[in-house]
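Student:
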Amino acid sequence: MAALPQLVVSTLLLGGIYALIAVGLTLIFGIMRVVNFAHGEFLMLGMYLAFWAFALWHLDPYVVLVIALPVFFAVGLLSYWLVMQGVIKASHNVQIFTTVGLSIALQNAALVLWTGDYRFVRPWHASEVVRLGGAALNLSQIVAFAVAVAFTGGLMAFMKFTQAGRVMRATAEDREAATLMGIDTERVYRLAWTIGIVCVGVAGVLLSPVYTVYPQAGLQFVLLAYVVVVLGGLGDMRGALFGSLIVAAVETVGAYTLGIAWKEVLYFVLFILVLVFRPAGLFGQRGAETLGM
Amino acid sequence: MRRHAGAIVLFGLAAVAPLATRDAYFLDTIVLILMWGAISSAWNVAGGYAGQVSLGHAAFFGIGAYSAAVLTVHWSLSPWIGLGLGMALSVVAGLVIGYLSNRLRGPYFVLATIAFAQVLLIAASRWREMTMGSEGIPVPFKQGFWTLGLASKVSWLYLTLAFALVLYLVQVYLEVSRMGYQLAGVREDEDAAQALGIPGRRLKVIAIAMSAALTSAGGTFWAQYVGFVDPFYVFSIDLSVLFALNAIIGGAGTALGPFLGSILITSLEHYLRATLSDIAPGLIGVHLIIYGCLLIVMVRFVPQGLIGALGALFIRRARTARGERLART
Amino acid sequence: MLALESVTKRFGGLTAVGGVSLDVDEGDLLGIIGPNGAGKTTLFNVIAGYYRPESGRVVFEGRDLTGHPPHEICRLGLTRTFQIVKPFGNLSVRDNVMIGALTRVRSVAAARAEADRGVERCGLGDYADVVAKSLPIGLRKRLELARALATRPRLLLLDEVMAGLNPAELAAMVELIRRVHAEGVTLVVIEHIMAAIMRLTRRIVVLHHGEKIAEGVPAQIARDPKVVDAYLGEEFTLE
Chain A
1 MAALPQLVVS TLLLGGIYAL IAVGLTLIFG IMRVVNFAHG EFLMLGMYLA
51 FWAFALWHLD PYVVLVIALP VFFAVGLLSY WLVMQGVIKA SHNVQIFTTV
101 GLSIALQNAA LVLWTGDYRF VRPWHASEVV RLGGAALNLS QIVAFAVAVA
151 FTGGLMAFMK FTQAGRVMRA TAEDREAATL MGIDTERVYR LAWTIGIVCV
201 GVAGVLLSPV YTVYPQAGLQ FVLLAYVVVV LGGLGDMRGA LFGSLIVAAV
251 ETVGAYTLGI AWKEVLYFVL FILVLVFRPA GLFGQRGAET LGM
Chain B
1 MRRHAGAIVL FGLAAVAPLA TRDAYFLDTI VLILMWGAIS SAWNVAGGYA
51 GQVSLGHAAF FGIGAYSAAV LTVHWSLSPW IGLGLGMALS VVAGLVIGYL
101 SNRLRGPYFV LATIAFAQVL LIAASRWREM TMGSEGIPVP FKQGFWTLGL
151 ASKVSWLYLT LAFALVLYLV QVYLEVSRMG YQLAGVREDE DAAQALGIPG
201 RRLKVIAIAM SAALTSAGGT FWAQYVGFVD PFYVFSIDLS VLFALNAIIG
251 GAGTALGPFL GSILITSLEH YLRATLSDIA PGLIGVHLII YGCLLIVMVR
301 FVPQGLIGAL GALFIRRART ARGERLART
Chain C
1 MLALESVTKR FGGLTAVGGV SLDVDEGDLL GIIGPNGAGK TTLFNVIAGY
51 YRPESGRVVF EGRDLTGHPP HEICRLGLTR TFQIVKPFGN LSVRDNVMIG
101 ALTRVRSVAA ARAEADRGVE RCGLGDYADV VAKSLPIGLR KRLELARALA
151 TRPRLLLLDE VMAGLNPAEL AAMVELIRRV HAEGVTLVVI EHIMAAIMRL
201 TRRIVVLHHG EKIAEGVPAQ IARDPKVVDA YLGEEFTLE
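Residue numbers (our numbering), protein chains in the order written: chain A, 1 to 293; chain B, 1 to 329; chain C, 1 to 239.
1) In chain order, which continuous runs of the beta strand (DSSP E) of length 3 or greater are located wholly inside the region 43 to 97 of chain C?
2) Mapping DSSP to helix, strand and coil, what is I193/C?
3) Beta-carbon within less than 6 Å of A69/B's beta-carbon, same chain only, minus the 5 sequence neighbours each way: which residues are those?
4) Any C-beta of chain A sitting closer than 7 Å to the C-beta of A247/B?
5) Which runs of the beta strand (DSSP E), 3 residues or longer, sit entirely within the region 74 to 135 of chain A?
6) Note down, in chain order, each residue of its chain lying with its Cβ closer than 6 Å to the Cβ of V96/B, except the 5 sequence neighbours on either side.
7) In terms of residue numbering, what span does the beta strand (DSSP E) encompassing D23/C cover?
8) Figure out for me which residue from L239/B, G47/B, M130/B has the closest Cα to the Cα of L288/B.
9) Can you list, in chain order, the residues of the region 119 to 141 of chain B whose Cβ is nearer than 7 Å to any Cβ on chain A?
10) Taking just the CA atoms, how far does D23/C sit from M194/C?
11) What span of residues does the alpha helix (DSSP H) with D116/C cover, start to end?
12) Between V286/B and chain A, is the shortest Cβ-Cβ distance under 7 Å, so that the two count as touching?
13) List in chain order: all unbroken alpha helix (DSSP H) runs of 4+ residues lying wholly within the region 7 to 69 of chain B.
14) Relative to the C-alpha of L29/C, which residue among L2/C, M198/C, V188/C, I197/C is closest?
15) Classify I260/A as buried or exposed, calling it buried when 16 or more other Cβ atoms lie within 10 Å of its own Cβ.
16) Check V64/A in the structure and name its three-state DSSP category.
17) Using the Cα positions of T220/B and G180/B, report the straight-line distance between them to the nearest angstrom.
18) Report the start-end ranges of each beta strand (DSSP E) in the region 110 to 179 of chain C that is 3 residues or longer and not cut off at the edges.
19) Could you list which residues in chain B have their beta carbon closer than 7 Å to that of A48/C, in chain order?
20) Ignore the nearest five residues each way along the sequence and tell me which others in R75/C's own chain have a CB closer than 7 Å to its CB.
21) Here's the rule: buried if 16 or more other CB atoms are within 10 angstroms of the residue's CB, otherwise exposed. What is M35/B?
22) Looking at S67/B and G86/B, is the spacing between their C-beta atoms short of 7 Å?
23) Assuming M210/B and V45/B make a contact with CB atoms under 8 Å, what is their CB distance in whole Å?
24) Step through the CB atoms of chain B and report whether any lies within less than 7 Å of the CB of E239/C.
25) Can you name, in chain order, every residue of its own chain whose Cβ lies under 6 Å from the Cβ of A255/B, other than the five neighbours on each side?
26) From which residue to which residue does the alpha helix (DSSP H) around S140/A run?
27) What is the DSSP secondary structure of A38/A, reduced to helix, strand or coil?
28) Distance check for R202/B and V247/A, CA to CA, integer angstroms please.
29) Flag L39/C as yes if its beta-carbon sits less than 7 Å from any beta-carbon of chain B, otherwise no.
30) On a Cα-Cα basis, can you pick out the residue from I272/A, A249/A, F277/A, A203/A that is closest to A68/A?
31) Pull up the CB-CB distance for A146/C and L124/C, whole angstroms please, since I reckon it's below 8 Å.
32) Reducing DSSP to helix, strand and coil, say where A3/A ends up.
33) Can you find a C-beta in chain A that's less than 7 Å from the C-beta of P107/B?
34) Could you pull the DSSP bridge partners for A214/C from this structure?
35) Taking C-beta to C-beta, are V205/A and G46/A nearer than 7 Å?
36) Check whether the Cβ of E188/B lies closer than 7 Å to any Cβ atom in chain C.
The structure is reproduced here in C-alpha cells:
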C-alpha cells in the first residue's frame, strides 16, 4: 500500500486536467446538443500555441495562459460563425459530420503547417519534482491541476450565480421555453461554444509541458473526454467532475496494476459498459440516450 | 437501364482500362478507387440505407484484414477461408453493434461505434501471440488464386471490379426490394415504420450485420493486396471516417455515391502522395484539409452529395423520390 | 372486436390512463373525446403496443395483445395513425403508401399498384410523385390515413386526423372516413372538433384525467352534465 499516496495524488492531478477538458465538452453538448468531435483539435491548438510561444519567444506556458484566453475566445467565435452557426438547427448526423470535418481539417492543417514531428515544451518547472507525503509530483502537473480546478470552479460558479449562467442553464433545459421567454438562444449557443473552446484551449496550454505535442495529440484526449462526459452525464458539470475523477482513477490504477499497455482498454470497456447499462451517465437524464439527447 | 447508366460507364471504363494502359501506377489507382468505393458502399448499407451512422466500421475492416493474415501465417490456410471467417466474426460484431443501435440513438451510438473500434485496435496491437502485436503482420505472398496471391495488377483490378459490382448490386437491391423500402421507412421515421408493421429493430440489425460482413470482406482483399496488416491503420478512426466520407460526399443512400466519392478522394490523395512525396512531403496532408472543409460544406449545403448535385444539374425533374433518396443527413 | 379491460398506464407518479374499460364491436365507428391531457393518445399508444400498461389487458379478435410490439399488432390487423403526423419526408407520396402496402404484399410491383389505388382513393392522385415533406398539413393528414389504410387494417385508430384542417379539407376528410368505414373498416377516432365527431360517430366515449366519465350516443353525450362540465363548456347543441 506504499503506492497509495502516489496513486491518489496522480489520480487527482490527472482528474483535474480531464475535468477542464470535459467541462467544456459537456457545456457544449448540454446547451447546444452538439457532440463536438473536433474538441481534441482545439486542445492540440492550445498545445501548439504554448509550444511556439516557448520556442520563438521563450515564454513560459503559464504566461501564455493569459494570452490564450483572448486567443481562444476569438478562435471560438470564429469557428462558431464559420462552421457551427449554420448547423445548430440541423439533424444530428449533419452536426456530427460537420464537427468531424472540422476535426479533419484542423488536424491536417496542423500537420501541413507544423509537420508531424513530436514537439516538446520544456520550461524549468517541467522537471521540478515536489515531494508530498509519500508521493512525488511534477511541478508542472501541480500547476496544471491548480489552474484547471480554479477554472472549472470559476465556470461552475459562473453558471450557477450569474444571470448569463442562469440564462444558459435555462436554454439547456428547454430550448423552446427559453425562446418564448425572450432569450436570444443564438447568443447563448455562441457563448457556450466559445467558453467550451476557451476551456479546452487553456487545457492544451496547461498540458504542453506534460505531454508530447503533435497534430494527433488531441485524439487521445478527446476519446477520453467523451468517456468522462458520458459517464458523468452529457450536459452535467458535476458529472464531468466526478467522471473525470473516476476515469483518472481507472487509468492510474489500471496503469499501476496492468501496465500502461492495457489501461486504455479499461476505460474503453468502461465506456461501452456505461453506454449499455446506464447511457445517461451518473447524473444525466434517464432515457436521454434513446432520444438522442 | 437508364438509372444504371452511370454505373455502366464507370465500371465499364474500369474494365477496359487494362487494354489502354499497363502503367502500374494508373492501374493501382483504379484498384484502390474500386476497393475503397466498395468498402464505403458496405458502410453505406448501414449508414446510408439504414440510417445508422457509424464511425467504427474500421472494426470490421480490421477483423477481415487480420482473419486472413492470421490464418495464413499461423495455419497456412487459404485467405479465402480467412475471408469467410472474417465475415462470420464481423457478423457477430455487427450483431453487437446492432444491439447497441437499438438502445442508443444519435451521437451516443456514434460514440459507441468509435469506442468499439478502439478496443479492437488496442487488443490487436497487444495480442502478440496471435496478431504479432503492434508490429503488424506481413501477409505472405504465394502465387495463385486459391492463396489470393495475384501478382499482376490487372488480376487485382478484375477481382476488385467484381467485388465492387457485388456491392453495387447489393445497394441497388436495397433500392428496389421490399426489404429496402421497409428499411427506407425505418430510416425516415422508425416509429412510423413500426406502426405500419415493419420490424424496425430487426431490420436495423440485419442491415448492420450485412454491412459488417461486406466491410470485412473488403478488409481481407485489401490486406492481401497491400501485403501488410498494421493494427494502428486497419482499426483506425481515420479509416472509419474515410468510409463514411466517401459515401457522404458521393451521396449517402445511393448506390453509385460511394464510388463517386471514392473517385474524387482516392485519386486526389493518390496523386498528391505520388507527386509531392519527393518534392514537398510537408504538403501531403493538404488533401485532407480540403476534404474536411468539403465535408463541412457538403453536409450542410449539398446533403445529397455529388450524385444529388449532378442530378440537379443534368436531370431537370421535379423532386422525385428516386432523385432524393437520401440518408437522413 | 377490441376489448380494453381495465387498462392503467402510469408515468412515475402520474396516472395517464386509469382503469379504462371499453368495447369496440366489428363495424363500429367509435369516437373518443376529452380535454387535453385526458389520456386519449396514451390509450392509443397502449393499444398499439408503444406502451406497456401497468395493469389491464388489450384483447383484439380474441387475442391478448398486451405487451406485443407495435409492428406485430399492425400485422394482426390493428393500425394506428399519429396525432403529429409522421410522413417519410424524403420519400414520395406513392412510396410512403407503398411502404404501408408492403406489409401485406410481398411483391414490390403489386404493392406499388396497390399504393397507386390507395393514393387515388384518398384524393392524393395529383401528388403521387411529390416528396412528402413538401406537402401542406391537410395533405399530410390524408397521406397519414392513406398509408395506414394500405396495411389493410380491420381496426383503425385515428388520432386527431382532422386537427389543423380548413373547412373544405375537413369536409373531405369526414367524407373519406365515412367511405373507409363503409368499406368495412372498424374505426376508433380521437377528435377535438365537436361538430365533426358528433356527426360522424355513432357512439362516443369521454375521457377525463385518464378515466372514462361517459359513454353513449352523441345526443346523450352532448347533454351529459359531467361531460359539459369537464369538456364541452356550455350545452353543446347537436344540429
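Idealized CB from N, CA, C, for every residue including glycine.
Tutor: Judging by the given coordinates:
1) 55 to 60, 78 to 80
2) Counting from one through the third sequence, the residue named residue 193/C turns up at place 193. Three-state DSSP puts I193/C in coil, outside helix and strand.
3) By one-based count along the second sequence, residue 69/B stands at place 69. Correct list, in chain order: I137, V139, A223, V229.
4) In the second sequence, counting from the first residue as 1, residue 247/B sits at position 247. Not one chain A Cβ lies under 7 Å of A247/B.
5) 129 to 132
6) Locating residue 96/B in the second sequence gives position 96, where the first residue counts as 1. Counting only Cβ-Cβ distances below 6 Å, and skipping sequence neighbours, we find nothing.
7) Position 23 of the third sequence, counting from 1, holds the residue named residue 23/C. Segment 14 to 24, the beta strand (DSSP E) holding D23/C.
8) As a first step, residue 288/B is located in the second sequence; it is residue number 288 there, counting from the start. Cα-wise, what sits closest to L288/B is L239/B.
9) Residues passing the 7 Å Cβ filter: V119, I122, A123, R126.
10) Taking the first residue of the third sequence as 1, we reach residue 194/C at position 194. Taking the first residue of the third sequence as 1, we reach residue 23/C at position 23. Taking the straight line joining both Cα atoms gives about 22 Å.
11) Sequence index remark: in the third sequence, residue 116/C carries index 116 (1-based). Where D116/C is concerned, the enclosing alpha helix (DSSP H) stretches over 108 to 121.
12) For the purposes of this step, residue 286/B is identified with residue 286 of the second sequence, where counting begins at 1. It does: the Cβ of V286/B has a partner Cβ on chain A nearer than 7 Å.
13) 24 to 44
14) Start at 1 with the first residue of the third sequence, and residue 29/C comes out as number 29. The shortest C-alpha separation from L29/C is found at V188/C.
15) What you label residue 260/A is simply residue 260 of the first sequence in a count that begins at 1. Per the 10 Å Cβ criterion, exposed.
16) The residue given as residue 64/A occupies position 64 in the first sequence. In this structure, V64/A counts as helix in the three-state DSSP scheme.
17) Sequence index remark: in the second sequence, residue 220/B carries index 220 (1-based). Sequence index remark: in the second sequence, residue 180/B carries index 180 (1-based). For T220/B and G180/B, the distance between alpha carbons rounds to 27 Å.
18) 155 to 159
19) Translated into positions along the third sequence, residue 48/C becomes position 48. A195, listed in chain order.
20) In the third sequence, the residue the question calls residue 75/C occupies position 75. Answer for R75/C: T103, listed in chain order.
21) One-based indexing of the second sequence puts residue 35/B at position 35. Buried, since its Cβ has 16 or more Cβ neighbours within 10 Å.
22) Position 86 of the second sequence, counting from 1, holds the residue named residue 86/B. Position 67 of the second sequence, counting from 1, holds the residue named residue 67/B. Contact: yes.
23) As a position in the second sequence, residue 210/B is number 210, starting the count at 1. As a position in the second sequence, residue 45/B is number 45, starting the count at 1. Yes, they are in contact, since the Cβ atoms of M210/B and V45/B sit about 6 Å apart, within 8 Å.
24) To locate residue 239/C, count along the third sequence from 1; it is residue 239. Residue confidence for E239/C is low, a pLDDT of 49 falling below 50, so the modelled location carries little weight; the figure read from the coordinates is stated next. So no, E239/C is outside the interface.
25) By one-based count along the second sequence, residue 255/B stands at place 255. Excluding sequence neighbours, A255/B sits near Y168, Q171, V172.
26) Position 140 of the first sequence holds residue 140/A. Run containing S140/A: 139 to 161, per the alpha helix (DSSP H) assignment.
27) Counting from 1 along the first sequence, the entry for residue 38/A is found at position 38. Coil.
28) As a first step, residue 247/A must be located in the first sequence, where it is residue number 247. As a first step, residue 202/B must be located in the second sequence, where it is residue number 202. Straight-line Cα distance between these residues: approximately 34 Å.
29) Taking the first residue of the third sequence as position 1, residue 39/C is located at position 39. Looking at the sequence itself, residue 39/C is Gly, so the reference to Leu does not match. Cβ-Cβ to chain B under 7 Å: no for G39/C.
30) On the first sequence, residue 68/A is found 68 positions in, with the first residue counted as 1. Ranking the options by Cα distance to A68/A, first place goes to A203/A.
31) On the third sequence, residue 146/C is found 146 positions in, with the first residue counted as 1. On the third sequence, residue 124/C is found 124 positions in, with the first residue counted as 1. Their Cβ separation, rounded to whole angstroms, is 6 Å, which keeps A146/C and L124/C in contact under 8 Å.
32) The count along the first sequence starts at 1 and reaches residue 3/A at position 3. In the structure shown, A3/A sits in coil (DSSP, three-state: anything other than H, G, I, E or B).
33) Within the second sequence, residue 107/B is the residue found at index 107, counting from 1. Closer than 7 Å: yes.
34) Along the third sequence, read from residue 1 onward, the residue named residue 214/C stands at position 214. Residue pairing for A214/C: DSSP places it in a beta bridge opposite V206/C.
35) Here residue 205/A refers to the residue found at position 205 when the first sequence is read from its first residue. Here residue 46/A refers to the residue found at position 46 when the first sequence is read from its first residue. Contact flag set, yes.
36) Counting from 1 along the second sequence, the entry for residue 188/B is found at position 188. A Cβ of chain C is located within less than 7 Å of the beta carbon of E188/B.
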